[in-house]
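Residue numbers (the UniProt record's numbering): 1 to 729.
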């Protein structure tokens, strides 16, 4: 009998071993992920693995290769073309150095707190904008879709600007530069300067006629500009290749695209300070006009600039931070990136006004020479007396100071008939007071200044390559704000989605490379983003602070960061930031209502810009852009409110594996006291009813029993663990 008992025992052991082998052989990839996480309990470099419920494959979220790469990505996204051609203009227009005061105050009130909020929710929930707001409140899930729509609208025309920069970059490899002189026109009898160019300037003519070949109105399409079409295609190919692998490919490019602009700006600053007149430009820039600082318009424009400079509401900030570890110090990142952005704007302003001071000095010298010749003619004709001219004045080498002295004397002596003399004052300040922004600064004013540089082609190449890199850095974040949420939500392949997105955007973007395309760029820039983004960020603030709860959110941050954030953020998020955002929204609506909707059209005959009102169909397009951008918010709210879609379908709930435990993260947190960071501890989660099922293949059983809490027994290792420690998530 002992022998038989041994045989029976061996057979039973073989049966158990066989059933275990069969069970393990049928485990899916989710069980593999679980086993790996269980075996890595003592590994100090653990990986957070998120597996979608019902997924057959492990979905390990990509991560940044280093903290530096992540910071450069955020800096590249926030520091864009606006820092170079918008911030200097606002400084000049709104009180010079005094403008920095309201800008810094608003940066501390709305900029850093809201930037910190987006970084925190993206880093913790580890989803794009759609997943984040679905997670916090499914009824406000439309916020994420609205962000995607705005990102798409902005990407359509932003890449056109990169295309323009590529065109100028390609034309910079020649000496002299093609926009250095007005072109000559030959006919049968003689040669003359192009009239359109003669009435304006060489750089202005090149921009409007050679580069854009612009039409006279929005309604006059004029067909495609093939030069710009090719440049737009090249820009989208660059974006597609950089983004096709997500942060694995774009992250490496960030080292160049984010750092190169700083190298160029520093080179331009050093070169600019060595130019004659640069100090005049910088002095003019930073001379504070305190009386202007008190105007409400200055604060509104400063708040708008802070808002858009950091990329709030686009979804790119959330997307980039979602690839971080959950214990990353996102508070430090928010402060660092915000101040890097601010100091970059100041650096760009120094460069711009050093160069514009040099340009103003050249124009002023020409003005002095031309008006000195007029004075000599008036002296010869007897209209002016030689006695009124000081003896030390030498008309052959007239300085600006000497000319101003003579000008003042003539103005006093010939007070009544002075206007008929046709003399100009020739003040550098008058030239510097001509506010220029946007494409007018980059492609006309700055370009004209560079033609006077020694080795001007080199500086032109550097400048437009810098613009390309600044644009690409912002485009990476904008496209990431589209791709990441869609991939996280609908589980499509990132490579395929990226290619489709870029192709669709290119073909829609052809409207911007018509001869009237520049007018459409202005339309989209004015109406597609401003109001929708303000509404999106206000709703983000409401979702986290009111619906989720400010106290609970502060506890979440303490657990995630390892320290309690300052109470300063508590009061900013709860009271100050929402109030300032609402005031900014109202002020923007009022400003939009008071400003006549229209655009500046280039008139070829007069070689000047002329304001045109939008036709009816264009007004419909403008309104449609704003409505389409914000429409997902009420649609998703009504769908969720009326239960038109089952919450369980397409759920974003996920199972996180860590330290050999399974933590269920539900999507719908409404009415749930669960913390974003802590989650429910396993002791608080209802235990699954395992019954008598022992999850083993019985002899002769053709199929594998399915475990009650997962596919093929995904939770069987948790069956007899009544006292599991609290999750350290």
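All C-beta atoms, glycine included, are put in the ideal place defined by N, C-alpha and C.
Check                                                                                                                                                                               : Outcome
When DSSP labels each residue in this structure, what does residue 649 get in the three-state scheme?                                                                               : Note that residue 649 scores a pLDDT of 41, beneath 50, so its modelled location is shaky and nothing firm can be said.
Just the C-alpha distance for residue 361 and residue 227, rounded to the nearest angstrom, thanks.                                                                                 : 35 Å
Return the residue from the list 314, 131 and 310 that minimises the CA-CA distance to residue 75.                                                                                  : 310
Can we say the segment 408 to 418 touches the segment 314 to 333, given the rule of at least three CB pairs closer than 8 Å?                                                        : no
Give the DSSP bridge partners of residue 186, in chain order.                                                                                                                       : 191
Hey, which unbroken runs of the alpha helix (DSSP H) at 4 residues or more fall wholly within the segment 329 to 403?                                                               : 330 to 381
Can you list, in chain order, the stretches of the alpha helix (DSSP H) that have 4 or more residues and sit fully within the segment 418 to 497?                                   : 418 to 421, 428 to 432, 446 to 450 and 456 to 490
Measuring CB to CB, does residue 67 end up less than 9 Å from residue 341?                                                                                                          : no
Under 9 Å between the Cβ atoms of residue 502 and residue 164?                                                                                                                      : no
Short of 7 Å in beta carbon distance, which residues of its chain neighbour residue 572, apart from the five on each side in sequence? Order them along the chain.                  : 109 and 113
For the pair the segment 458 to 472 and the segment 135 to 151, tell me if three or more CB-CB distances fall below 8 Å.                                                            : no
Could you say which of 131, 610 and 585 lies nearest to residue 537 if we only look at CA atoms?                                                                                    : 585
Does residue 449 pass the burial test, meaning 16 or more other C-beta atoms within 10 Å, or should it be called exposed?                                                           : buried
Here's the rule I'm using: 16 or more other beta-carbon atoms within 10 Å means buried, otherwise exposed. How should residue 623 be labelled?                                      : exposed
So, for residue 441: in the same chain, excluding its five sequence neighbours on each side, which residues have a beta-carbon less than 6 Å away from its beta-carbon?             : 85
Measuring alpha carbon to alpha carbon, tell me which of 307, 453 and 613 ends up nearest residue 580.                                                                              : 307
So, is residue 577 buried or exposed, given that buried needs 16 or more other C-beta atoms within 10 angstroms?                                                                    : buried
Check whether the segment 331 to 346 touches the segment 389 to 401, taking contact to mean three or more Cβ pairs, one atom from each stretch, closer than 8 Å.                    : no
Taking all protein chains shown into account, do 16 or more other C-beta atoms lie within 10 angstroms of the C-beta of residue 630, making it buried, or fewer, making it exposed? : buried
Measure the beta-carbon distance from residue 288 to residue 95 and round it to whole angstroms, keeping in mind my assumption that it falls under 8 Å.                             : 6 Å
Can you list the alpha helix (DSSP H) stretches of 4 or more residues lying completely in the segment 104 to 151, in chain order?                                                   : 112 to 125 and 129 to 136
By alpha-carbon positions, which one of 301, 281, 313 and 369 ends up nearest to residue 354?                                                                                       : 281
Report yes if the CB atom of residue 239 is closer than 9 Å to the CB atom of residue 476, and no otherwise.                                                                        : yes
Indicate the three-state DSSP secondary structure (helix, strand or coil) for residue 74 in the structure shown.                                                                    : helix
I need the DSSP call for residue 95, collapsed to helix, strand or coil.                                                                                                            : coil
Which residue comes first and which comes last in the beta strand (DSSP E) that contains residue 612?                                                                               : 608 to 613
How is residue 519 classed by DSSP in three states: helix, strand or coil?                                                                                                          : helix
Using the three-state DSSP reduction, which class does residue 691 fall into: helix, strand or coil?                                                                                : Confidence is the limiting factor: at residue 691 the pLDDT is only 38, short of 50, which leaves the residue's position unreliable and the question unanswerable from this model.
Could you round the C-beta distance between residue 80 and residue 474 to whole angstroms and report it? I think they count as a contact, below 8 Å.                                : 4 Å
Counting Cβ pairs, one atom from each stretch, are 3 or more of them under 8 Å apart for the segment 514 to 522 and the segment 204 to 213?                                         : yes
Apply the 10 Å Cβ neighbour rule to residue 590 and answer buried if 16 or more other Cβ atoms are within range, or exposed otherwise.                                              : exposed
Does the beta-carbon of residue 422 have 16 or more other beta-carbons within 10 angstroms, so that it is buried, or is it exposed?                                                 : exposed
Can you check the segment 553 to 584 for any alpha helix (DSSP H) of at least 4 residues that lies completely inside it and give the ranges in chain order?                         : 567 to 571
Where does the unbroken beta strand (DSSP E) through residue 603 begin, and where does it stop?                                                                                     : 598 to 603
Are the Cβ atoms of residue 443 and residue 168 separated by less than 9 Å?                                                                                                         : yes
How big is the Cα-Cα spacing for residue 175 and residue 300?                                                                                                                       : 44 Å
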